[in-house]
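Scroll down for the structure; my scribbles are underneath it.
4 protein chains.
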Amino acid sequence: MGDLGQLPVGIIGASGYGGVQLIRLLMDHPGVEVVYLGGSSSAGKPFSELYPHLGHCVNLTIEEIDLDKIASRCQVVFLSLPNGLACQMAPPLLAKGCKVIDLSADYRFKNLETYKTWYGGERNDQETVASAVYGLPELYRDRIANAKLVGCPGCYVTTSLLALAPLLKQGLIQPDTAIIDAKSGTSGAGRKAKTNLLLAEADSSVAAYGVARHRHTPEIEQICSDLAGHEVMVQFTPHLMPMVRGLLATVYATLRDPGLVREDLATIYNAFYRASPCVRVLPSGTYPQTKWACGTNLCYISVEVDPRTDRVIVMSVTDNLIKGQAGQAIQCLNLIMGWDEKLGLPLLSFYP
Amino acid sequence: MGDLGQLPVGIIGASGYGGVQLIRLLMDHPGVEVVYLGGSSSAGKPFSELYPHLGHCVNLTIEEIDLDKIASRCQVVFLSLPNGLACQMAPPLLAKGCKVIDLSADYRFKNLETYKTWYGGERNDQETVASAVYGLPELYRDRIANAKLVGCPGCYVTTSLLALAPLLKQGLIQPDTAIIDAKSGTSGAGRKAKTNLLLAEADSSVAAYGVARHRHTPEIEQICSDLAGHEVMVQFTPHLMPMVRGLLATVYATLRDPGLVREDLATIYNAFYRASPCVRVLPSGTYPQTKWACGTNLCYISVEVDPRTDRVIVMSVTDNLIKGQAGQAIQCLNLIMGWDEKLGLPLLSFYP
Amino acid sequence: MGDLGQLPVGIIGASGYGGVQLIRLLMDHPGVEVVYLGGSSSAGKPFSELYPHLGHCVNLTIEEIDLDKIASRCQVVFLSLPNGLACQMAPPLLAKGCKVIDLSADYRFKNLETYKTWYGGERNDQETVASAVYGLPELYRDRIANAKLVGCPGCYVTTSLLALAPLLKQGLIQPDTAIIDAKSGTSGAGRKAKTNLLLAEADSSVAAYGVARHRHTPEIEQICSDLAGHEVMVQFTPHLMPMVRGLLATVYATLRDPGLVREDLATIYNAFYRASPCVRVLPSGTYPQTKWACGTNLCYISVEVDPRTDRVIVMSVTDNLIKGQAGQAIQCLNLIMGWDEKLGLPLLSFYP
Amino acid sequence: MGDLGQLPVGIIGASGYGGVQLIRLLMDHPGVEVVYLGGSSSAGKPFSELYPHLGHCVNLTIEEIDLDKIASRCQVVFLSLPNGLACQMAPPLLAKGCKVIDLSADYRFKNLETYKTWYGGERNDQETVASAVYGLPELYRDRIANAKLVGCPGCYVTTSLLALAPLLKQGLIQPDTAIIDAKSGTSGAGRKAKTNLLLAEADSSVAAYGVARHRHTPEIEQICSDLAGHEVMVQFTPHLMPMVRGLLATVYATLRDPGLVREDLATIYNAFYRASPCVRVLPSGTYPQTKWACGTNLCYISVEVDPRTDRVIVMSVTDNLIKGQAGQAIQCLNLIMGWDEKLGLPLLSFYP
């Protein structure tokens with residue numbers, strides 16, 4: 001691709017799983033130099049103290065969050081923070097000329113009231129919200145390429161939307177029949193110590209949570225409605241799996257046209273994702289394991305039809321921390337920079 | 001309960017997971033003495049060679065399968081064999097006066113044609129099939145009590161039916177809207193060495209299988225139709241979880257009456273299972289973990305309603321090898337013998 | 001055993017893993033009634049709120065810790081608290097006539113200075129310490145039977161000592177050659193939320209900790225020295241395994257007499273543990289899996305000899321929360337009460 | 001590095017874990033083109049049928065093993081086969097001008113009698129054996145660079161030797177005191193279906209195997225003796241961990257000079273591995289987790305000293321399928337080709 005130069009980027013929130021994935025991936029990215037890591041509780045610590053196994057490659061110290069300093073050094077800033085913090089930092093960073101890629105929920109909603117209903121907090125940055133682009137490259141590639149502020153969806157929503165998008169865009173399913181039964185590894189819940197995420201609690205067990213009222217529901221519905229051109233309602237149920245990484249969304253919906261067979265749908269999905277190097281539609285009858293996606297920025301999708309029930313069943317898998325988080329943010333960066341969308345992103349999973 | 005005497009029982013198929021669970025549970029059962037263990041490939045071996053950790057309590061040798069000898073020694077025989085073998089052994093055992101409790105699929109279907117369609121094989125024992133009782137105590141308690149031949153359902157079907165039964169019996173859901181998204185530990189697939197069940201393959205990964213065409217579908221539909229009083233169609237999708245034991249069925253269905261709230265349904269479920277000591281309906285808002293059921297013969301159920309979508313979401317969990325297999329068979333034995341239904345069955349899970 | 005009556009017992013520290021195991025096991029114990037559960041942070045909560053899956057059997061509320069009230073209700077009190085708390089409660093409880101079984105480190109050391117060196121804190125209860133009996137029934141059965149205060153060893157030490165005891169008692173190994181490489185499930189670290197115990201961190205990984213300086217070292221040495229009749233030094237290295245329960249100690253030591261073969265040692269071990277129903281010495285060449293002990297109060301031991309190196313290698317496994325914690329405490333209770341040592345304790349593990 | 005050209009290589013035994021790792025790593029290697037995949041049972045199948053998740057990048061079909069054809073196409077051939085097969089293929093391939101990198105045990109032993117004692121089989125290729133170089137780059141870098149035939153050590157031996165080498169080379173430990181307690185994920189046992197490797201059997205459990213008589217013992221001793229300049233005897237105990245990947249060797253040995261502290265040893269280890277980019281010596285007091293190495297060709301080492309016992313305790317971790325298998329083979333290729341030793345090899349693990 002010729003010499004890419006070295007784009008100076010910063011990461012605020014470097015110590016969590018999102019941060020460490022970003023750092024690890026950007027270290028191998030041919031067009032980027034990470035010049036700043038910021039954090040609050042970990043400020044002053046060498047990054048290698050937090051993650052000793054990366055010490056031989058990451059020779060940076062976590063710094064205080066000083067937006068002037070960051071803006072003077074970085075052209076692009078990744079925000080990997082708990083919900084409610086990015087909306088305080090993005091406006092000044094944008095004003096100082098940085099582009100901002102946010103991994104939290106702060107810029108995922110077009111409607112600020114919806115955000116407040118589900119996430120709480122006082123915010124009044126409707127103008128900034130309006131300028132933000134939803135960071136799912138497969139659906140909003142062009143807008144992302146021109147964005148100054150990107151709000152990336154997380155793992156559950158990314159995996160669910162990639163499964164549903166072709167159906168909704170082509171109007172193939174009956175309204176409001178979509179049910180998303182999602183299964184995630186526990187790393188999706190972050191690195192904060194909580195009792196229910198202890199190995200002793202979460203291993204060898206499976207459970208649902210947030211049933212009928214998870215806050216990813218309105219986010220999924222917002223994008224589904226945008227794709228379908230009318231209001232769409234979905235049922236979303238997340239489950240915690242006894243594993244570190246990986247996410248499977250099993251999606252059920254009733255077909256409008258009962259005559260469709262799975263090969264038809266595979267054709268439609270392949271066409272829909274033809275220009276999307278990070279989505280792989282599997283041959284009919286091959287169902288994905290989450291492990292296939294682990295360590296990569298890929299989403300594997302398989303489509304099945306039950307002719308008895310006229311339902312389509314879509315299975316999609318991702319690595320929740322890569323395509324579902326840090327890798328997707330870098331995919332957005334690549335689009336913003338006019339680079340190959342998959343530049344620097346791993347596409348071959350280690351197996352087993 | 002006074003002196004129960006010691007009922008002499010035998011187990012054919014003692015080396016698999018079903019067999020070893022039966023043995024382990026029956027050793028602690030106050031009314032039973034295991035006097036015969038039978039197997040083909042393992043015949044002649046002391047049981048303690050197969051399972052050294054049980055050697056201190058199980059002083060039996062696996063014997064050849066000689067039906068005359070078995071019938072002369074045992075009043076009740078458990079069959080824990082691959083599908084297609086029980087139907088060869090049950091008729092002669094019944095003829096010799098034994099009662100038979102079968103853990104395979106051979107006597108689960110009323111309609112022999114349905115069995116053959118999904119399981120293959122040549123069979124002509126329609127009369128025996130007609131006399132068999134479906135071994136799910138919570139639904140067919142009285143019939144089991146009077147049965148000579150019981151065909152016990154397996155883990156997926158048991159857990160799914162216990163979740164659905166009150167809804168169908170009370171006519172609470174719209175026809176054919178039920179979707180069962182089931183998640184099972186890998187022990188449910190048995191002890192036969194298969195590549196996809198290796199730890200190296202199945203750990204840290206989740207996947208669906210048998211989508212839209214799993215042979216448990218017609219079995220679930222048979223019982224659902226019986227409960228509802230009309231033909232019922234369901235969508236059933238099994239998933240393999242990275243864990244040894246435990247099964248969660250997440251069941252979705254659309255309510256007929258959108259006014260029902262979850263507390264209403266909890267009341268209905270509690271009433272339905274009032275006389276069922278092995279089913280525990282959880283307080284509204286408490287969702288079960290599979291781990292809570294592990295090591296016990298219990299099924300924990302939680303019912304949720306989504307007022308936005310008018311759907312009921314039922315979560316039910318079991319230990320796939322106990323309530324989903326060996327424990328249920330013993331529960332049936334207890335009914336046959338007129339004992340307390342839960343006699344000798346563990347009801348308190350080790351935690352964590 | 002005739003009518004045992006119902007001994008009223010209490011548990012202080014009911015919400016942790018030790019507490020919940022005690023409750024679960026005591027619920028099934030034929031001679032005991034749990035009449036009091038005490039805690040500080042959880043006081044006032046129904047126990048079923050902490051552990052919903054036990055709600056159907058445990059109808060108790062966690063109460064404030066009021067020693068007068070406890071003593072008026074309980075004849076025996078189990079203390080399952082962080083180190084440093086039992087030594088404040090045991091003396092008054094003893095003074096009020098209770099017997100006390102402590103699961104913490106507070107009464108494991110004969111020498112209070114050693115305790116303070118490794119555990120810190122100000123204590124001056126040397127007299128009480130002197131009266132405490134070390135709660136490892138296989139080694140101190142008679143003393144426990146007559147004790148008013150028992151300090152039970154934890155999982156690592158129990159499993160290590162049961163592996164080493166016959167060697168030391170018989171003087172079979174060269175001084176100071178014993179190396180204990182121990183592997184434990186993460187539940188041994190308790191239920192407090194810590195980052196390194198998160199599933200996302202601890203799953204799919206193995207690591208040593210506390211190398212060369214773990215505080216179980218002096219405790220192991222204290223008992224080894226008592227058994228050997230001279231000062232013994234050991235090397236102890238704990239490792240965290242990616243699993244919930246189970247502990248394996250692999251013990252290496254150099255034989256004094258190189259002529260011994262593994263069958264000789266199996267004979268010696270069998271003799272040593274003849275009267276110990278909770279220790280099972282495996283046939284030569286059969287090595288234990290931790291899973292064999294899980295859910296039981298058993299310790300499985302296998303002894304191997306390497307004639308090339310003149311080393312004995314002993315493998316011993318336990319369930320860290322039963323024989324390594326709550327089960328052992330109940331075993332001590334049984335001795336104190338003059339009951340069968342294994343009364344109410346599970347001896348058959350579920351498998352797999 | 002300038003244009004490397006594209007070295008045509010082949011892999012015989014492409015369907016196992018070694019094979020799939022080789023393929024995956026070589027696909028990302030800038031100097032290599034994989035032009036041939038060979039297998040027997042899988043011949044004729046597209047590689048993507050065996051591993052659907054690699055289908056989008058690996059467009060090759062497994063071919064019959066035809067040595068003439070292979071030699072005409074490939075300059076270097078990797079053999080990833082069960083023990084006893086490479087020794088039949090390597091001589092003809094060498095004769096036809098190929099260089100051969102073998103991942104089996106066939107060319108690891110200098111002494112053919114030792115091989116036969118532990119691995120059985122009839123072989124008479126002593127001359128070829130004599131020409132083979134032991135493929136552990138950190139110890140035999142120069143010889144590998146000039147080799148035509150390399151016999152790579154596996155995961156246990158690699159991880160053990162990297163832990164022991166500096167001690168032996170510098171004469172720091174007392175003879176025959178080394179004990180290697182090794183813990184491995186189950187993928188090290190390969191992809192063949194065996195009951196004891198099923199998830200249902202191996203998950204949530206830990207056990208030793210091959211105690212006192214594992215065939216890696218003579219291989220470790222052969223290299224240790226070579227390093228020390230005299231015969232060395234070690235104690236080696238492998239353990240199976242409930243996880244897919246990763247290997248930890250905890251090594252114990254008695255120091256000759258009790259005055260050494262851990263910082264001294266860290267200095268010695270750092271010096272020993274200064275020119276070895278795939279070995280990282282950790283700061284004193286930081287102990288490695290296997291997870292840190294997973295997905296990389298690195299070995300992390302930490303050295304601890306117990307001044308009470310005069311023992312050194314070394315912990316070393318690797319990914320058993322990369323540095324312990326396929327990655328090491330590629331490291332050897334890089335040396336043979338005069339490339340940077342770590343070319344194309346991953347050095348940054350995903351975390352968590």
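Chains as they are written, first to last, in full-length UniProt numbering: chain A, 1 to 352; chain B, 1 to 352; chain C, 1 to 352; chain D, 1 to 352.
Virtual Cβ for every residue (Gly too), placed ideally from N, Cα, C.
None of these values were measured; they are calculated from a predicted model.
Residue span of the beta strand (DSSP E) that contains aspartate 181/A, given as start and end: 179-184
Under 7 Å, CB to CB, which of the residues in the region 207-230 of chain A have a partner in chain B? Ala207, Ala208, Tyr209, Val211 and Ala212
Step through the CB atoms of chain D and report whether any lies within less than 8 Å of the CB of aspartate 203/B. yes
Which residues in the same chain as glycine 2/B place their Cβ atom closer than 8 Å to its Cβ, once the five residues preceding and following it in sequence are excluded? Since pLDDT at glycine 2/B reaches only 49, below the 50 mark, its modelled position is unreliable, and no value is offered.
Using three-state DSSP, classify histidine 29/C as helix, strand or coil. coil
From what residue to what residue does the alpha helix (DSSP H) around aspartate 142/B run? Its alpha helix (DSSP H) spans residues 137-145.
Can you tell me which of the three DSSP states serine 42/A falls into? Residue state, collapsed to three classes: coil.
Answer yes or no: do glycine 154/B and valine 244/B have a C-beta to C-beta separation smaller than 8 Å? no
Is there a Cβ from chain B that is less than 8 Å from the Cβ of glycine 190/A? no
With distances taken between CB atoms, is the gap from valine 157/A to glycine 246/A smaller than 8 Å? no
Can you check whether the C-beta of threonine 286/D is within less than 8 Å of a C-beta belonging to chain A? yes
Would you verify that the beta carbon of leucine 240/D is, or is not, closer than 8 Å to some beta carbon of chain A? no
What are the start and end residues of the alpha helix (DSSP H) that includes methionine 89/C? 86-95
Can you tell which of Asn196/B, Glu263/B, Gly190/B and Ala189/B has its C-alpha closest to the C-alpha of lysine 192/D? Of Asn196/B, Glu263/B, Gly190/B and Ala189/B, the residue nearest in Cα terms is Asn196/B.
Whole-angstrom distance between leucine 172/B and leucine 167/A, CA atom to CA atom: Cα-Cα distance, rounded: 30 Å.
If I'm right that glycine 295/C touches glycine 295/B with Cβ under 8 Å, what's the distance once you round it to whole angstroms? 6 Å
Cross-chain neighbours of alanine 200/A in chain B, by beta carbon under 9 Å: Pro352
Roughly how many angstroms separate the alpha carbons of glycine 39/C and glycine 121/A, rounded to a whole number? 35 Å
So is isoleucine 313/C in contact with chain D if we call contact Cβ pairs under 8 Å? Isoleucine 313/C counts as touching chain D.
Would you identify the three-state DSSP class for leucine 248/A, choosing helix, strand or coil? The DSSP-derived three-state label of leucine 248/A is strand.
Evaluate contact between the region 262-278 of chain A and the region 202-217 of chain A, counting only Cβ atoms and requiring at least three cross-stretch pairs below 8 Å. no
Taking Cβ positions only, does aspartate 340/C come closer than 8 Å to chain B? Not a single C-beta of chain B is nearer than 8 Å to the C-beta of aspartate 340/C.
According to DSSP, what are the bridge partners of serine 302/C? In DSSP, serine 302/C forms a bridge with Met315/C.
Residues that DSSP places opposite glycine 151/D in a beta bridge: Asp102/D and Tyr134/D
Below-8 Å beta-carbon distance, proline 52/C vs any chain B residue: yes
Anyone know if the C-beta pair for isoleucine 12/B and isoleucine 65/B falls short of 8 Å? yes
Under the rule that 16 or more other beta-carbon atoms within 10 Å means buried, what is serine 80/A, buried or exposed? buried
Take valine 232/A and list the residues in its own chain whose beta-carbon comes closer than 8 Å to its own, dropping the five residues that flank it on each side. If you ignore the 5 residues before and after valine 232/A, its C-beta comes within less than 8 Å of the C-beta of Leu168, Pro175, Asp176, Ala178, Glu221, Cys224 and Ser225, all in its own chain and listed in chain order.
Between which two residues does the beta strand (DSSP E) carrying leucine 7/C extend? 7-12
Residues of chain B with a CB under 9 Å from the CB of valine 77/A: which are they? Residues of chain B passing the Cβ test: none, with the nearest at roughly 33 Å.
Go through its chain and collect everything with a Cβ distance to glycine 84/A's Cβ below 6 Å, but skip five positions before and after it. Excluding its 5 nearest sequence neighbours in each direction, glycine 84/A has C-beta neighbours in its own chain below 6 Å: Gly121, listed in chain order.
Strictly by DSSP, which residues pair up with histidine 239/C? Lys183/C and Ala208/C
Taking all protein chains shown into account, decide if aspartate 306/A is buried (16 or more other Cβ within 10 angstroms of its Cβ) or exposed. buried
Please state if the CB of tryptophan 118/B and the CB of proline 218/B are separated by a distance shorter than 8 Å. yes
State yes or no: is the beta carbon of methionine 1/A nearer than 8 Å to at least one beta carbon in chain D? For methionine 1/A, the pLDDT reaches just 44, beneath the cut-off of 50, and the residue's location in the model is therefore unreliable, although a value from the coordinates is still provided. Chain D, which has no Cβ nearer than 8 Å to the Cβ of methionine 1/A, makes this no.
Between Arg308/C, Ala71/C and Gln170/C, which has its C-alpha nearest histidine 230/C's C-alpha? Residue Gln170/C is the option with its Cα nearest to histidine 230/C.
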